[in-house]
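Counted the way the numbering used here counts, the sequence shown spans residues 22 to 200. Even glycine gets a Cβ: it sits at the ideal position worked out from N, Cα and C. Here the structure is a predicted model, which means the values were calculated and not measured. Structure record follows, encoded as structure tokens.
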Amino acid sequence: PCTEPPRPAPRPMRVSTSLTTHDTIARLMDSSRRLAEAQMRATTGKRVTRMSDDPSDATNAMHAAGSLRGLAQYKRNIEAIGSRLDAEEVALDHLTSILTRAREVAVGQAGANSSAATRRAAAAEIRQLLEQSGQIGNTTFGDGYLFGGSSAATTPPFDVDQVSEVPRFVRIVPPAVAP
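If you want it as structure tokens, here you go:
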């Protein structure tokens, strides 16, 4: 029969007080660090405060923050466009009223009952309506002209040309080219 030799009894390990103190201090420092991190998460409401906390979640958070900034910019753009469209609608409504009045004046002068005096009065009114139309076309909005297109021209886009006694046309001035 096979018998094993007797094993020696385990020797007690000697633990010095400096080793115990060092180990206790290391554990206290680790606990203190974890407590500080927990307090930081509790006060900021953020689970990840540094990239090293969780690189994949930090990357996701950065992408989400970029998306939120993009959405905020879209919202500002939509609000700006809404304001511009409102201003355009008011101007075009006013222009529609002017054109309706011009048509009424023209129809009123088309009959045989009109005289030279009524035609002169009608021509003066049409001249005023044309000037008002030019002013509407040159309405400013923000830093540019409402109906000036995409260029940032410093001159008004519409010029009512008074070549003769009766206005003949509205000339569209090409936008100035920036140097």
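query                                                                                       : result
Exposure label - Y166; buried when at least 16 CB within 10 Å                               : buried
Beta carbon of V181 nearer than 8 Å to that of G155                                         : yes
Assigned exposure category for P31 - 16 Cβ within 10 Å defines buried                       : exposed
According to DSSP, residues forming a beta bridge with R161                                 : The sequence as given places Thr at residue 161; Arg does not occur at that position. In the DSSP output, where bridge partners are listed per residue, T161 has Y166.
When E146, A63, L106, G132 are compared against A123, the one with the closest alpha-carbon : E146
Same chain, Cβ closer than 8 Å to T24, five either side skipped, listed in chain order      : none
Under the three-state DSSP convention, the category D44 falls into                          : helix
DSSP state of A69 mapped onto helix, strand, coil                                           : Checking the sequence shown, residue 69 turns out to be Val, not Ala. In this structure, V69 counts as coil in the three-state DSSP scheme.
Whole-angstrom distance between M72 and L106, CA atom to CA atom                            : 44 Å
Cβ shell of A137 (< 8 Å), same chain only, five flanking positions each side left out       : none
Neighbour flag for G103 against chain B, beta carbons, 8 Å                                  : Among the chains of the structure shown, chain B does not appear; only one protein chain is present.
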